[in-house]
Each structure stands twice: as C-alpha cells, then as structure tokens.
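Please read the structure below before turning to the comments.
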Amino acid sequence: MKNRLILAAFLTAGIGASPWCVQAEMPNEANVGVLVKALSSPSAAKRADAEKELLEFGPAVLPFLPESVRSPEAQMRLNRVRIQLERQTAEDSLEAGRVTLEAGTPTDEIAEKIVQQTQNQVEFTLPDGSVYPPRDEENGVQETGKIGERAAVPFWEFLDSFCDEFQLEPQTMTGRKGLRLVRSYREMPRNAAENERIAYLGPFRLEPLKTTSTLLLASDAPGTILQLELAWEPRIQPVFAYLTLTEAEFFDAQGRPVGAEGDSAEESGTAKPLKLPSVEQEILIGQSEFRAVCDLPLPGRKIPAEARFVTLRGNFSAVACGTKKDFTFGDLALKLDRPFPPETQRTASVLVTMTDLRSEKVFRETETRTDEKPAASRTAEDGNAEGRAEENAEGSTENTAEKSRTVQEFLTVSIRYRYEEPHDALESHRTWIYENEAELRHPDGRSIPAQRSELRRQTPNEIALDLYFPADPEILEDLSGWEIVYPRPGGIYEVGMPFELKQLPLP
1 MKNRLILAAF LTAGIGASPW CVQAEMPNEA NVGVLVKALS SPSAAKRADA
51 EKELLEFGPA VLPFLPESVR SPEAQMRLNR VRIQLERQTA EDSLEAGRVT
101 LEAGTPTDEI AEKIVQQTQN QVEFTLPDGS VYPPRDEENG VQETGKIGER
151 AAVPFWEFLD SFCDEFQLEP QTMTGRKGLR LVRSYREMPR NAAENERIAY
201 LGPFRLEPLK TTSTLLLASD APGTILQLEL AWEPRIQPVF AYLTLTEAEF
251 FDAQGRPVGA EGDSAEESGT AKPLKLPSVE QEILIGQSEF RAVCDLPLPG
301 RKIPAEARFV TLRGNFSAVA CGTKKDFTFG DLALKLDRPF PPETQRTASV
351 LVTMTDLRSE KVFRETETRT DEKPAASRTA EDGNAEGRAE ENAEGSTENT
401 AEKSRTVQEF LTVSIRYRYE EPHDALESHR TWIYENEAEL RHPDGRSIPA
451 QRSELRRQTP NEIALDLYFP ADPEILEDLS GWEIVYPRPG GIYEVGMPFE
501 LKQLPLP
C-alpha cells in the first residue's frame with residue numbers, strides 16, 4: 001500500500017509545444033505525408049527513420065497524422081508515435097507555467113501578462129500607479145528579489161512573492177477557472193515566498209499547514225497528524241494525484257539529527273532516517289477548486305522524545321490526460337434505426353466506438369388547474385340573497401383541470417470508450433468521466449449539444465453510455481451532413497517527481 005493523497009478531477013493539456021523538440025522544419029501535410037508513406041517502405045531502415053523523424057517533430061505533428069493506414073506495421077508505428085507524443089503532451093502539461101516581467105512593471109498590466117504567459121486566469125485590483133517589483137524609495141532603485149530583470153519565475157513562486165508584497169490571498173473565481181487575489185486579513189504579514197517548508201512541484205504547490213498530536217484510544221498510542229495543502233495552477237483540472245511518503249528524519253531544538261525511537265544505541269548515533277509505513281488516504285476535490293487539504297498520519301511511537309522538527313521525503317505523482325480530440329461519426333442517415341457494425345476510432349491509447357443510433361419519442365402529460373366560481377357565487381356578489389344561499393349549499397368554488405400532451409424527439413447514440421492504460425482514472429467516484437461535451441454538428445455551423453447522458457456500463461478501463469440529442473422531426477428526416485462529435489482525451493498518463501518538506505515543527 002502507498003501513502004497517497006488522491007485528487008478527484010481532470011488535468012488539461014500543456015502550454016505550447018514540447019520543450020524538448022527542436023526542429024528546423026515545422027510539420028505540415030506535405031512533409032508529414034512523406035514520412036507516413038515511408039512507414040510502409042520495404043526497407044526496415046527507412047521505416048525506422050520515418051518513425052524517428054515523426055517523433056522529432058514533437059506534439060505539433062499530432063494534428064497532421066492520419067487516423068489509419070493500410071499497412072499493419074505502418075499502423076502499429078503510427079499508433080506508437082501517437083502514444084509517445086500524447087504522453088509527452090501530458091508531461092508538458094505538468095511543467096510549471098513561467099512568468100517573465102521587466103522590473104517596475106505596472107500592476108495593471110500584470111494580470112494580462114500572466115494569462116498570456118501561463119494561460120492562468122488571475123484577477124486583482126491594486127492602487128493606480130503601483131509597480132512590481134516595487135521601488136526602493138529611499139535609494140531610488142528597483143528591488144529584484146526572485147523577480148529579477150526579465151527573470152522567468154515559476155507561477156506559484158511568482159504568485160507567492162506578488163501576494164506577499166501587496167498582502168493578497170488567492171481565492172477561487174465563482175463559476176470560472178481562475179484565481180481572484182483579495183486582501184489578506186492575517187494577523188501576521190504574509191511571507192510565503194520566504195517559507196522554505198513550501199515545496200514547488202511543477203504546476204503544484206505543497207504547503208504544510210500544521211501538525212497536531214492525537215491519542216489513538218484503541219491502542220493507547222500517541223500519533224501525529226500532518227495537515228497539507230496541495231494547490232495547482234488554475235489552468236489545470238486534476239484527474240488525481242498521490243503523495244507517497246518514504247522516510248522521515250528527526251532533529252532536536254538545535255537542529256541536530258536524532259535517531260528514531262526503537263533504534264539501537266549504535267543506530268541512534270548514526271541518526272538514520274526512519275522508513276515510513278505505507279498508509280493510503282483519499283480525498284475528493286471540487287471541480288471549481290484549485291487546492292485541497294488532507295491529513296496524513298505520522299508514526300507517533302517512532303518519533304523520538306527529544307525531536308522538535310521532522311523532514312519528510314517522498315514521491316509526488318499526478319495522472320494527466322493528453323489533448324482532447326474530437327471523435328467524429330458521420331453517415332448518420334444510413335445508421336439511424338438500423339443495425340450496423342460497431343464503428344471504432346482510435347487515437348493513441350483511447351478507442352471510441354459507436355454501437356447504436358436510434359430515434360426516440362418522449363411523451364409528457366401536463367395538467368393545468370383553474371379555480372372558477374360557480375354562477376351562484378357571481379349572483380351573490382351582485383347582492384342577490386337567494387343566490388347567496390345557493391352558494392352556501394353547493395360550495396364556494398369549483399376546480400377544473402385541463403390536460404395536455406407534448407412530445408419531444410431525441411436522437412440517441414450509444415457510445416463506449418476504452419483506455420488501454422487508465423491508471424485508475426475511470427473509477428466511479430471520479431466525476432470527470434461523466435463530462436458531456438458531445439454535440440450534433442452541421443457544416444453550415446449549426447450545432448445541437450447533448451441534453452443528457454445515461455451511464456450503461458463501467459469497468460476499470462471502459463465506459464459505455466447513451467447520449468441524448470434533442471432533434472426536430474425535420475432533422476431526423478434528413479440527417480445529411482450532420483455528424484456526432486464526441487471529445488475525449490487521447491490518453492491517460494502518470495508523471496512523478498520527488499519532494500522534500502523541510503524542518504516541520506512537531507507538537
């Protein structure tokens with residue numbers, strides 16, 4: 001078992017082209033077509049060279065690759081290129097966005113620069129005329145700090161420094177993906193940029209919030225709980241990530257290493273790091289959030305009595321999706337309400353299959369109630385005493401109801417999609433898999449989004465569902481030109497990196 005921090009949600013594609021790819025010639029239909037054709041060459045060396053050159057283009061070549069080719073070996077090589085480049089795209093998405101500013105940049109220009117450079121939406125309001133980095137008014141020079149002249153600073157390091165300077169705190173934007181920086185009301189000034197305990201992991205930020213001591217009543221053993229906050233750049237929507245703690249190193253009040261409880265005298269003298277037991281803990285993440293908090297237990301019995309600080313080491317991993325691709329299914333008029341062989345499309349490690357297309361009618365009955373006074377009541381209102389007596393005998397009102405029947409027609413498509421390496425991303429509690437961006441699309445620009453979807457089957461690597469498109473009878477009678485478009489990520493990949501949380505105070 002692993003000590004995991006698991007996050008529910010969906011990581012978007014990365015920023016720009018692959019950083020490792022340096023290619024003099026950009027991919028286009030002509031040069032990519034030549035290389036794809038060479039994948040079917042009689043010469044094994046030419047086939048290998050063509051595959052290598054396609055890879056050297058980097059993820060920029062993906063839009064130019066054909067869906068299929070005739071040669072089985074060429075198809076195998078083409079799929080191999082797709083899988084590797086989609087994985088590279090996922091890895092690129094976990095590179096930190098970087099902010100580059102000239103010294104003394106007006107703050108009213110910074111939000112726009114952040115969006116342009118990192119694709120992270122950020123909003124804030126500061127006094128007119130303020131600049132960043134600030135000027136040293138006494139000496140008349142520009143401060144630099146982490147934000148030097150034209151320095152490229154990772155997003156979270158920049159944001160911590162910026163918020164420290166103007167005493168701001170990041171909050172979630174309502175209904176949008178982004179950060180709103182608001183005034184901080186902390187009792188102590190915000191000083192996150194100088195906090196060495198914060199770990200920056202690509203587009204993630206890991207901060208220890210507090211440690212607390214508890215008593216496990218069942219075993220009468222004291223324990224320690226570490227509360228951590230994991231934040232991610234708002235351009236990212238995590239699928240999930242996990243944190244694996246591997247070892248702990250203890251220090252006394254003077255910062256000297258001390259051995260763990262239970263070590264022999266000789267081992268204590270060497271102050272070997274404590275190997276941590278595996279504990280797994282899962283938390284769910286809101287779709288609109290950019291951070292999550294979790295509690296991790298530490299082994300209370302193993303913490304030395306003289307220990308006042310602990311350094312934790314481990315591995316952080318995140319599961320990311322490749323770029324979304326529109327899986328498009330046409331010839332709908334030939335398939336509607338008719339049996340047809342399942343139609344499968346593949347990109348990298350995902351296969352999307354349409355298995356059925358049918359028209360359905362949904363009947364709804366609505367009832368409208370009206371309250372109508374009888375004639376006796378109307379006569380009584382005119383002052384007729386006889387009518388008033390009749391009203392008292394028959395009742396004051398009479399209820400009537402009118403029923404109407406409406407029909408709504410749907411074009412219903414049965415879809416299933418399968419990932420060869422899902423990395424637990426299709427587990428039922430992960431809400432991203434139910435996202436429904438499907439639409440009916442016509443070349444003239446018309447589009448009809450799917451109104452709803454119904455899950456039919458779910459396995460660790462496959463989802464089957466029905467998509468319902470509201471459609472007028474005229475559309476169902478003539479589906480010429482209409483296509484079903486279903487966006488799905490091209491693959492699911494796992495990327496890991498080591499981390500260290502330094503000198504955390506113990507209770």
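First residue of the sequence shown? That's 1 in the working numbering, and the numbers climb one at a time after it. Just so it is clear, CB atoms sit at the ideal spot from N, CA and C, and this is done for glycine as well. All of these numbers come straight from a predicted model, not from anything done at the bench.
Tell me which same chain residues have a C-beta within less than 6 Å of the C-beta of residue i, skipping the five on either side of it?
{"i": "T246", "result": "R313 and G314"}
{"i": "A464", "result": "R416, R456 and R457"}
{"i": "H442", "result": "G481 and W482"}
{"i": "A193", "result": "D160, S161 and D164"}
{"i": "W509", "result": "Lying before the first or after the last residue shown, residue 509 is absent from the chain, which here runs from 1 to 507."}
{"i": "V362", "result": "Q408"}
{"i": "A393", "result": "Because A393 sits at a pLDDT of 48, beneath the cut-off of 50, its placement in the model cannot be relied upon, and the point is left open."}
{"i": "D356", "result": "S414"}
{"i": "V293", "result": "E229"}
{"i": "E360", "result": "F410 and T412"}
Please determine, among the options, the residue with the shortest C-alpha to C-alpha distance to residue i.
{"i": "K275", "options": "A253, L298 and L101", "result": "L298"}
{"i": "L336", "options": "W482, E500, G104 and E229", "result": "W482"}
{"i": "S317", "options": "P203, A307 and V352", "result": "P203"}
{"i": "N120", "options": "R47, V32 and M173", "result": "M173"}
{"i": "A248", "options": "E437, Q237, L226 and V239", "result": "L226"}
{"i": "W232", "options": "T211, S359, P460 and Q171", "result": "Q171"}
{"i": "E86", "options": "G322, E51 and R197", "result": "G322"}
{"i": "K302", "options": "D108, T406 and T224", "result": "T224"}
{"i": "N28", "options": "P273, P59 and E477", "result": "P59"}
{"i": "E91", "options": "E289, F363 and Y493", "result": "Y493"}
{"i": "E282", "options": "V258, V352 and L243", "result": "L243"}
{"i": "N79", "options": "T89, S43 and E67", "result": "E67"}
{"i": "Q237", "options": "E437, N461, E109 and R291", "result": "R291"}
{"i": "K37", "options": "Q75, L55, Q117 and V61", "result": "Q75"}
{"i": "R180", "options": "F158, T125 and P133", "result": "T125"}
{"i": "D295", "options": "E229, D331 and E306", "result": "E229"}
{"i": "A50", "options": "R77, S71, E25 and P72", "result": "R77"}
{"i": "D444", "options": "L506, D128, L479 and V182", "result": "L479"}
{"i": "A307", "options": "L39, E360, L506 and E474", "result": "L506"}
{"i": "L476", "options": "P127, E462, D331 and R256", "result": "D331"}
How far does the beta strand (DSSP E) with residue i in it reach, from first residue to last?
{"i": "L245", "result": "F240 to F251"}
{"i": "Q171", "result": "L168 to T172"}
{"i": "T328", "result": "K324 to F329"}
{"i": "P470", "result": "E462 to P470"}
{"i": "M497", "result": "I492 to P505"}
{"i": "N315", "result": "F309 to C321"}
{"i": "E483", "result": "E483 to P489"}
{"i": "L181", "result": "L179 to R183"}
{"i": "V101", "result": "As written in the sequence, residue 101 is Leu, which differs from the Val given in the question. Here the beta strand (DSSP E) through L101 covers R98 to L101."}
Any heavy atom of the ligand NAD closer than 7 Å to the beta-carbon of residue i?
{"i": "E194", "result": "Annotation note on the ligand NAD: not contained in the displayed structure, which lists no ligands."}
Sorted by chain position, which residues of the same chain lie with C-beta nearer than 7 Å to residue i's C-beta, five sequence neighbours on each side aside?
{"i": "F329", "result": "E343, M354, E483 and I484"}
{"i": "L94", "result": "G202, P203, A318, A320 and V495"}
{"i": "A199", "result": "L206, F499, E500 and L501"}
{"i": "R190", "result": "C163, D164, Q167 and S184"}
{"i": "R452", "result": "Y468"}
{"i": "R488", "result": "K324, K325, F327, V350, V352 and Y417"}
{"i": "I114", "result": "V99, N120 and V122"}
{"i": "A260", "result": "F250, L274, K302 and P304"}
{"i": "E439", "result": "S447, I448, P449, A450 and V485"}
Between which residues of its own chain and residue i is the CB-CB distance below 8 Å, once the five residues before and five after are set aside?
{"i": "A389", "result": "Note on A389: pLDDT 47, under 50, position unreliable in the model; the coordinate value appears next. If we look at A389 and ignore the five residues flanking it on each side, it has no Cβ neighbours."}
{"i": "I83", "result": "A348, S349 and G491"}
{"i": "G140", "result": "Unreliable positioning characterises G140 in this predicted model, as indicated by a pLDDT of 43, which lies under 50. A coordinate reading is not provided."}
{"i": "L504", "result": "R197, P208, T211, L226, F309, V310, T311 and L312"}
{"i": "E112", "result": "none"}
{"i": "Y434", "result": "S453 and L455"}
{"i": "T118", "result": "I15, G97, R98, V99, F155, E233 and R235"}
If I follow the unbroken alpha helix (DSSP H) through residue i, where does it start and stop?
{"i": "F57", "result": "A44 to F57"}
{"i": "P473", "result": "P473 to E477"}
{"i": "Q458", "result": "Q458 -> not in any alpha helix (DSSP H); beta strand (DSSP E) instead, spanning R452 to Q458."}
{"i": "T89", "result": "P72 to S93"}
{"i": "L201", "result": "Counting along the chain, L201 falls outside any alpha helix (DSSP H), though it belongs to the beta strand (DSSP E) covering A199 to L201."}
{"i": "E112", "result": "I110 to T118"}
{"i": "K37", "result": "E29 to A38"}
{"i": "K335", "result": "L332 to K335"}
Bridge partners for residue i per DSSP, in chain order?
{"i": "M354", "result": "E343 and I415"}
{"i": "K210", "result": "Q227"}
{"i": "D508", "result": "Here the chain covers residues 1 to 507 and nothing more, so residue 508 does not appear."}
{"i": "S447", "result": "R441"}
{"i": "F204", "result": "L201 and W232"}
| said: So, does the region 239-255 touch the region 331-345, judging by three or more C-beta pairs under 8 Å? | reply: No, the region 239-255 does not touch the region 331-345.
At a cut of 8 Å, does the region 338-351 reach the region 414-422 through at least three beta carbon pairs? Cβ pair count under 8 Å is three or more, so yes.
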